[in-house]
Each structure stands twice: as structure tokens, then as C-alpha cells.
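K.L.:
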Amino acid sequence: MTDCAYEELLSNNKVWAQKHLAKDPHYFVELSKAQSPSFFLISCSDSRASIDAITQSQLGQIFAIRNVANQVSLTDVNSLAAIHLAVNALEVGHIIVCGHYQCRGIIDTLSGPTSQLVEACISPITHLHFRHKDMLDALSDKDRADKLSEMNVVDQLERLCKTSLLEQAFCRPNYPLLHGWIYNIYKGIIEELPLPLKEWKALGLIPESYPIP
Ligand SMILES: [Zn+2]
Numbered sequence: 000m001t002d003c004a005y006e007e008l009l010s011n012n013k014v015w016a017q018k019h020l021a022k023d024p025h026y027f028v029e030l031s032k033a034q035s036p037s038f039f040l041i042s043c044s045d046s047r048a049s050i051d052a053i054t055q056s057q058l059g060q061i062f063a064i065r066n067v068a069n070q071v072s073l074t075d076v077n078s079l080a081a082i083h084l085a086v087n088a089l090e091v092g093h094i095i096v097c098g099h100y101q102c103r104g105i106i107d108t109l110s111g112p113t114s115q116l117v118e119a120c121i122s123p124i125t126h127l128h129f130r131h132k133d134m135l136d137a138l139s140d141k142d143r144a145d146k147l148s149e150m151n152v153v154d155q156l157e158r159l160c161k162t163s164l165l166e167q168a169f170c171r172p173n174y175p176l177l178h179g180w181i182y183n184i185y186k187g188i189i190e191e192l193p194l195p196l197k198e199w200k201a202l203g204l205i206p207e208s209y210p211i212p
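This is the structure we're talking about:
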């Protein structure tokens, strides 16, 4: 039996490729030569939060990793390799961590994980929850999950700043700028989160020259 949705993926791809070739016969050949993305994105694996789709970005613009609840994992060699490539090889100008509301990783943190694998995966978010338990527990269930999604974005950026990979990148004159995004899944809109840049500067996590709006 043929799965129509599955077959559609492949037929849609052929239509998409032909559209590009109709506009520019060399499009894919040129794209294959090199990449020079401006953005490094760490976002969630959630099927409803595909950043390429919601920002209408072009191929070659965004170097990305996706995982459960958009985390900076210091024990995942694949993530560390991607961070190294992005910030020290490709020298991206912007690093974005993007979370979203109604994130399964966040909801599991608050309601109790469903498996040991998930529990291990979300343990940094569990610690974040317990550090701010009184404030978070005073909120409604929905607001608590939304707030923890936002706090997780900022926490992951801070974890990233504490890596030696970012320390090296911040020594360059053209060091990358940091951005925290929350994708408001109820509205389809990306919202920029305020970052504690003064605090991070005081802790030496970002350079003295880092611009503070
Ligand atoms: Zn998610």
C-alpha cells in the first residue's frame, strides 16, 4: 500500500527543484560549491516549528542543529562539532537559540518525563525549573510552560557562552552576536527575548565591547 503523504514529499521535491532551475539553471551547481551562512540556529525538533518555513529563509542562509527543547548539550559530540563548525570555521555573524510554546520537552519537564531517555535529555531544564520553582509554580499551567520555554532559551544561550568554543569566537574582532527567540505557536510569530547582557558581561561571558542596546 502506498502512503500518499510520503509519496507527496518526493513529488513536491521534484516540483520545488524544477522551479529553482526554471529561474536559474545553475542554482544548485552554484549552491553546491560552498556555504557561507550568516546565522547559526539551535532550535527544537518539533514538526510545527521549522524555522526555514516560518522565516522563509533561503538555502545557504542558516546553519542549524535541532534537538528536543533547543538545548546546548555539552555531552553531545555532534552538537559540539556543529557549534565548532558554525562559530569557529564558518564564523557566523549571529547565533540564535529559538524555543517555542507548547514544547513537549518543556511540558514533560513540568509534568514528569515519560522515559529515562527523555529524563536524561531534559535534565538541564529540570534543574532550571527547580531553581525558579516558586515563581513558576505561582503561574497557571499554560503560563508556567510558556515562561519556562522562554527561560530555557536564555539559559541555553548562557550555557553556550560558557563553552571554550564561544570563548575562542569572542576573541575575534568580528565575534557573533547572540539572539534569544521564542516562536509563539499560537500566533505564528517569532518574538525576541531580552537577554541579561549586562550580567553576562560582568561575569566575563561576553566581551567588554559587546554592544548592549
Ligand atoms: Zn519543542
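Heads up: the sequence shown at position 12 corresponds to 11 in numbering that gives the first Met the number 0, and the numbers run straight through without jumps. For each residue, glycine too, the CB sits at the ideal point set by N, CA and C.
Please enumerate, following chain order, all residues with a beta carbon closer than 6 Å to at least one heavy atom belonging to ligand 1.
P.N.:
43, 45, 68, 99, 102, 103, 104
K.L.:
Cα separation between residue 212 and residue 76?
P.N.:
34 Å
K.L.:
Around the Cβ of residue 62, are there at least 16 other Cβ atoms within 10 angstroms (buried) or fewer (exposed)?
P.N.:
When all chains shown are included, residue 62 counts as buried.
K.L.:
Is the CB-CB distance between residue 53 and residue 71 below 9 Å?
P.N.:
In this structure, residue 71 does not lie closer than 9 Å to residue 53 by Cβ.
K.L.:
Can you find the residues in the same chain that come closer than 7 Å, C-beta to C-beta, to residue 206, ignoring five residues on each side of it along the sequence?
P.N.:
169, 174
K.L.:
Just to confirm the assignment, what range does the beta strand (DSSP E) spanning residue 67 have?
P.N.:
Careful: residue 67 lies outside any beta strand (DSSP E) and carries neither H nor E.
K.L.:
My output table needs one value for residue 95: the three-state DSSP class, helix, strand or coil.
P.N.:
strand
K.L.:
For residue 92, tell me which candidate among 98, 8, 165, 184 has the shortest Cα-Cα distance.
P.N.:
165
K.L.:
Could you name the residues that DSSP lists as bridge partners for residue 183?
P.N.:
188
K.L.:
Could you tell me how far apart the beta carbons of residue 36 and residue 59 are, in whole angstroms, since I believe they sit closer than 8 Å?
P.N.:
6 Å
K.L.:
Measuring alpha carbon to alpha carbon, tell me which of 135, 14, 151 ends up nearest residue 43.
P.N.:
151
K.L.:
Less than 9 Å between the beta carbons of residue 27 and residue 95, yes or no?
P.N.:
no
K.L.:
Using the Cβ count rule (16 or more neighbours within 10 Å means buried), how would you classify residue 188?
P.N.:
exposed
K.L.:
Check whether the Cβ of residue 2 sits closer than 8 Å to any heavy atom of ligand 2, and report yes or no.
P.N.:
With respect to ligand 2, the structure offers nothing, as its ligand set consists of ligand 1.
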